[in-house]
């Protein structure tokens, strides 16, 4: 009934427009209403950067130019160039535009004299650094806005356009992360005009967005741009989130497009001349079968930049910075889901034939950041195989064991190592959680059902299943929440908004007290239809196994 009521109202109501002044000019947004009849104000498609076209491709973003008059911001901006992932028949269809650096602001209260400013939550979307956007159709404000916070979402450059590197000053890499920095600077400069408090900015993100949040903790460019962080299902220590030799990957891309010169000046000119759609289309076919088996999702992700001229986001490996305590120390929430590895099934279209290949050669099971002699590879590979499969082969009957192993190798190990390294140095509270609630709005499970004609019997929440519980997703509105989903959603939005407001997720309305985890007293909050504090780390037994592996074989990065 709520949906019908809102539809009828939207047809007969006269739109209410609102105006906000920014450093670049005046914006016209629109008043909207949540399904629970709370009014808020939406400003869609605000340019935060000059379009990165022509010679600006691959370069650090430039601030948006001022405009005269009033600019309508009623429709979201175009997404950055990308393909729909994991669906083979769509891999050649490139969507989006290079003119894509836009953000969206949703606020429950415009700047009003005598009314306190609201905490600000800036969401960084996931998508493996090669797809996704800040679209309100995917990451809408309906849930969080009712907790009296300002929400900001935005686009950043993806794939080769965002992360290609020639390991020099011409194309230094990390353009997508530099876009994020400029969006955060825009927030600092302008958010007060939307009723937001620039001294209470929480950056939060899921998957590649979660890894991005930690990258901002590591980068000097991002200092002073945020006050709290929430890291969900991602870390630079995950294998898919960091590239060790980006120039090699750039060469592979050039070769795939028929360009074979190794001269860097010539490569620079070539990449500037290639149509964006050709770059994006070609990058989807660069990964080898072995790289996909190891959990890589795309060739072009964040990397270390060489020292030199120009804007540098990252000049030291993430692991080294974490080990040395060289990161911004602010209150943090970090967490994950049990079925993160379900993503592996989408990225690797498995079959009986592929199981045969995987069982015949287990080299793919060893992380690339462990340097081993050939004889030791066999030992470590067998150790990992035995721990997860207990002597059984990979097959449709042991697919859940493969998902568990992929969850650990692709996500949980890197997240746990990130947490442990931060606990060694941070003086600020760190809250750890695991979300265990399963619901119907699982985009990844819909995708698996499409690819395999089955959900493969997996139970529990999959990678990204937490997102619809705190950000409304219009694409899934025809799959309404059950009562239990609503309970978990209320818990999660309350925890996140409390944290954004005070740096502490607790309040009297919650049934438990969630204490920060420490190096010597690990704990985490298990989030389901009930909240339960568990006095150990997330998946502690499995993480201890990997801790022993890395103790004996020191990681390279």
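Residue numbers (full-length UniProt numbering): 1 to 557. Cβ coordinates follow ideal geometry from the N, Cα and C atoms, glycine included. Since this is a predicted model, take the numbers as computed values, not measurements.
Legend entry - Inter-stretch contact at 8 Å, needing at least 3 Cβ pairs: the segment 118 to 132 / the segment 198 to 212: yes
Legend entry - Residues bridged to residue 392 (per DSSP): Answer by DSSP bridge pairing: none, since residue 392 is not bridged.
Inset, instruction - Report the residue from 70, 24, 145, 518 whose alpha carbon sits nearest the alpha carbon of residue 36. - result: 145
Inset, instruction - Please go through the same chain and pick out, in chain order, the residues whose beta-carbon is closer than 8 Å to the beta-carbon of residue 281, but skip the five residues on each side of it. - result: 83, 91, 92, 94
Inset, instruction - Flag this pair as touching only if the segment 52 to 59 and the segment 167 to 177 have three or more C-beta atom pairs under 8 Å; answer yes or no. - result: yes
Legend entry - Rounded separation between residue 46 and residue 69 - CA only: 15 Å
Legend entry - Alpha-carbon spacing of residue 80 relative to residue 527, whole angstroms: 34 Å
Inset, instruction - On a CA-only basis, which of 219, 365, 298, 394 is nearest residue 253? Give me that one, please. - result: 298
Legend entry - Range covered by the alpha helix (DSSP H) that runs through residue 426: From DSSP, residue 426 is part of no alpha helix (DSSP H); its letter is neither H nor E.
Inset, instruction - Within its chain, find whatever has a CB closer than 6 Å to the CB of residue 438; leave out the 5 residues flanking it on each side and keep chain order. - result: 460, 461
Inset, instruction - Within its chain, find whatever has a CB closer than 6 Å to the CB of residue 273; leave out the 5 residues flanking it on each side and keep chain order. - result: none
Inset, instruction - Tell me, please, which residues DSSP counts as bridged to residue 332. - result: 229, 430
Legend entry - Entirely enclosed alpha helix (DSSP H) segments - the segment 394 to 473, minimum 4 residues: 399 to 407, 413 to 425, 443 to 452
Inset, instruction - Can you grab the Cα-Cα spacing for the pair residue 211 / residue 234, in whole Å? - result: 5 Å
Inset, instruction - Indicate the three-state DSSP secondary structure (helix, strand or coil) for residue 366 in the structure shown. - result: coil
Legend entry - Selected residue, minimal CA-CA separation from residue 241, among 188, 411, 445: 411
Inset, instruction - Out of 77, 56, 548, point me to the one whose CA is closest to residue 380's CA. - result: 548
Inset, instruction - My understanding is that residue 111 touches residue 192, with C-beta atoms under 8 Å, so please give their C-beta distance in whole angstroms. - result: 6 Å
Inset, instruction - Using alpha carbons as the reference points, say which of 153, 139, 243 lies closest to residue 160. - result: 243
Inset, instruction - Would you mind listing the alpha helix (DSSP H) stretches within the segment 123 to 151 that are 4+ residues and don't spill past its ends, in chain order? - result: none
Legend entry - For residue 197, the first and last residue of its enclosing beta strand (DSSP E): 196 to 206
Legend entry - Between the CA atoms of residue 134 and residue 352 - distance to the nearest angstrom: 38 Å
Legend entry - Within-8 Å CB hit, residue 390 to chain C: Absent from the structure: chain C. Only one protein chain is present.
Inset, instruction - Taking residue 62 as the reference, give the member of 131, 77, 182 with the closest Cα. - result: 182
Legend entry - Cβ separation of residue 448 and residue 456, assumed to be a contact under 8 Å, to the nearest whole Å: 7 Å
Legend entry - Opposing strand residues paired with residue 83 [DSSP bridges]: 94
Legend entry - Short Cβ contact (8 Å threshold) for residue 366 with residue 372: yes
Legend entry - Same chain, Cβ closer than 6 Å to residue 279, neighbours up to 5 away in sequence not counted: 160
Legend entry - Complete beta strand (DSSP E) runs within the segment 19 to 62 (minimum length 3 residues, chain order): 26 to 33, 39 to 47
Inset, instruction - Please classify residue 339: does DSSP put it in a helix, a strand, or coil? - result: strand
Inset, instruction - Starting from residue 89, trace the beta strand (DSSP E) both ways and give me its first and last residue. - result: Unbroken run through residue 89: none, as it is neither H nor E.
Inset, instruction - Would you check if the segment 213 to 226 and the segment 136 to 151 touch, i.e. whether three or more CB-CB distances between them fall below 8 Å? - result: no
Legend entry - residue 488, enclosing alpha helix (DSSP H) - first and last residue: 483 to 502
Legend entry - residue 547 - partner residues in DSSP beta bridges: In the DSSP output, where bridge partners are listed per residue, residue 547 has none listed.
Legend entry - Cβ separation of residue 321 and residue 424, assumed to be a contact under 8 Å, to the nearest whole Å: With a Cβ gap of about 13 Å, residue 321 and residue 424 do not count as contacting.
Inset, instruction - Let me know if residue 113 comes out buried or exposed under the rule of 16 or more other beta-carbons within 10 Å of its beta-carbon. - result: exposed
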